[in-house]
Structures are given as structure tokens and as C-alpha cells.
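Heads up: the structure comes next, in C-alpha cells.
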Amino acid sequence: MLARFNVAVKETREFIDVYRFNDGATTLYRFLWGEFCDWGIELSKADKASVAELGSIFKESMKLLHPFMPFITENLHNRLSADKFEDGESIMVQAYPTVSEVDDEVIKQFDLIMEAIVSVRRCKTLVDKGNQKIEKASIKLSSVSDIEMMKPFIEKLGKVEEITFVSEKLEKCVTDVSDNLETFISTDDIDMSAIIGKLTKQKEKLEKEIAKLNGMLNNERFVANAPKKVIADNKKALGDVIEKMVKVEAELKEFKI
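See below:
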């Protein structure tokens, strides 16, 4: 998270130097909300030692954000400093954060951990285990990484008892594919009947919808009298439903193997 903070400092200072304040604010929003709150706090659940570092980063972030949100950042920084408001030094006269060396390798590792967690969560939803803890999942990486460092974060936040790293795709499994990795969950120990039943009902519903839309679009009287927008909307709806049908059929085919 410190490496991410340094990137935010670098970008924010660059934008301020050329008076692109809106872009600077966007950078800080992306860092504080999308990275610090969304992932920094989450990842600290698997590494309690990082909590103190997070507090320090947040305090420095208040300095970084101060030109854009002066009052609340002053208040929060003062509280974090454990000073009385009247006695503490204003954030306004403190040095603005400067850029430290950005470690690109650390950032790549951080990105890969986030990608793996998201992939595991997506894969679990395929077998209706979205918010449940599962016994095992496997990950195939497209490049060499520090898997021992990654493992506890993925297990904790992905809610998996054991993550294993493999070099080949597993047989009889559900798969999630992302940019830099693939996640596999074996279906051997999962009762697939309920999932297959749910998908079968979805397929039946989609078949009826396709038949209905095809019937309308193949009706010469309807096509001749309906406004062009209505016809276009129905064609788009048909395309969307067919796309969903392809996905459902693919899942059914995979689960019935």
C-alpha cells in the first residue's frame, strides 16, 4: 500500500504543478476509495502487522488531500496526531508529501494478489458458494511470482481453506480466467444437482423469451406497423437473450461432464 501511496503522491503533485486540479482530485479519490479503503483495509485482515503502516499512510494522505478538502482533512489529521485542535500544528503549514522511490515489482505483486482474490470470488459464485468458505481452490499463474507471500492474502479474503498453485488446468472443475491467472475449483466434492437444476430453469426461461421475440420479429404485420425504434429494441433484446443462452448452455455442458 505504501508503493501505491507513492504513485498517488507522484501523480497528484504532477497534476497540481500544471493546474489540473480535477485530475489530481480524481487520482486521490481512486487511491483513497478504490485502493486504500477497498483493498488496503481488506488485506490488513490477513496481515495484522500492516495496520500501523496503514494508519501512517492515511495520516499522510490527509496532507495530500488537504488542498482539495481542507476542513475535514485538518480535523482528521489533528485527531490522528492526538493533539488538541488549539495546540496542534495546522496541517496547512506542514510539508506536503514528497515522492519516495516507487517499487514497480511490489505494485505488480499487489495487483496480482487483488486479481487472484477477485478471480477466486468469481469462481466460487459459479458453484453457488459466493460468500461461503470452501476447502480448496487452485490457481495457475501466467508468470513466476512469490506464491508464499500471496497465499495467506488469497486464502483469507477469498475465503478458502487452502490455495494451491498448479501448472496445468485441473480436470472436472469450474474455471475463472482473468488477465494473468486462472482459478479452478474441483466439482468432485460439490453437489451439482441444485446448480444444474437452477441453470436448466434459466435455460427454459430464455428459450421462451427467444421464441417470443423471434415470433414478433418474424411477424410481417408487426414489422410493417411497429415504429423502427421498437423493432431495433426487440432485435437488441433478442441478441442479449441469445448471448445469455450461450453462456448458460456452456455452463450446463461443463457441469454435466
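Counting in UniProt numbering, the sequence shown runs from 1 upward without gaps.
Where is the CB? At the ideal position from N, CA and C, for every residue including glycine.
Where the alpha helix (DSSP H) through Ile-16 begins and ends: Taking the first residue of the sequence shown as 1, we reach residue 16 at position 16. Ile-16 -> alpha helix (DSSP H) spans 2-17.
For Ala-224 and Ile-210, the rounded distance between their alpha carbons: For this step, residue 210 is matched to residue 210 along the sequence shown. For this step, residue 224 is matched to residue 224 along the sequence shown. Rounded to whole angstroms, Ile-210 to Ala-224 spans 20 Å at the Cα level.
Candidates Ala-3, Leu-43, Leu-2 and Thr-26: closest to Phe-153 by CA position: Against the sequence shown, residue 153 aligns to sequence position 153. Comparing Cα positions, the closest option is Leu-43.
Straight-line Cα distance separating Lys-10 from residue 301: Shown here, the chain extends from 1 to 257; a query on residue 301 therefore has no answer.
Within 9 Å, strictly: CB atoms of Ser-138 and Phe-165: Working through the sequence shown from its first residue, we reach residue 138 at position 138. Working through the sequence shown from its first residue, we reach residue 165 at position 165. Against a cut-off of 9 Å, the Cβ pair of Phe-165 and Ser-138 comes out as a contact.
The region 211-218 in contact with the region 156-174 per 3-pair CB rule at 8 Å: no
Straight-line gap, Asn-78 to Met-92 (C-alpha atoms, nearest Å): Mapped onto the sequence shown, residue 78 falls at position 78. Mapped onto the sequence shown, residue 92 falls at position 92. When rounded, the distance between both Cα atoms is 11 Å.
Candidates Phe-71, Asp-104, Glu-105 and Val-106: closest to Ser-90 by CA position: Reading the sequence shown from its first residue, position 90 is the one you call residue 90. Looking at the Cα atoms, Phe-71 is the closest of the given residues.
Buried or exposed by the 16-neighbour rule on C-beta atoms within 10 Å, applied to Asn-6: In the sequence shown, the residue the question calls residue 6 occupies position 6. Classification of Asn-6: buried, given that the 10 Å Cβ count is 16 or more.
Buried versus exposed, by CB contacts within 10 Å (16 or more), Val-51: Here residue 51 corresponds to residue number 51 of the sequence shown, with the count starting at 1. Per the 10 Å Cβ criterion, exposed.
Pair within 9 Å by beta-carbon distance, residue 321 and Leu-64: Because the chain spans 1 through 257 in this model, residue 321 falls outside it and cannot be assessed.
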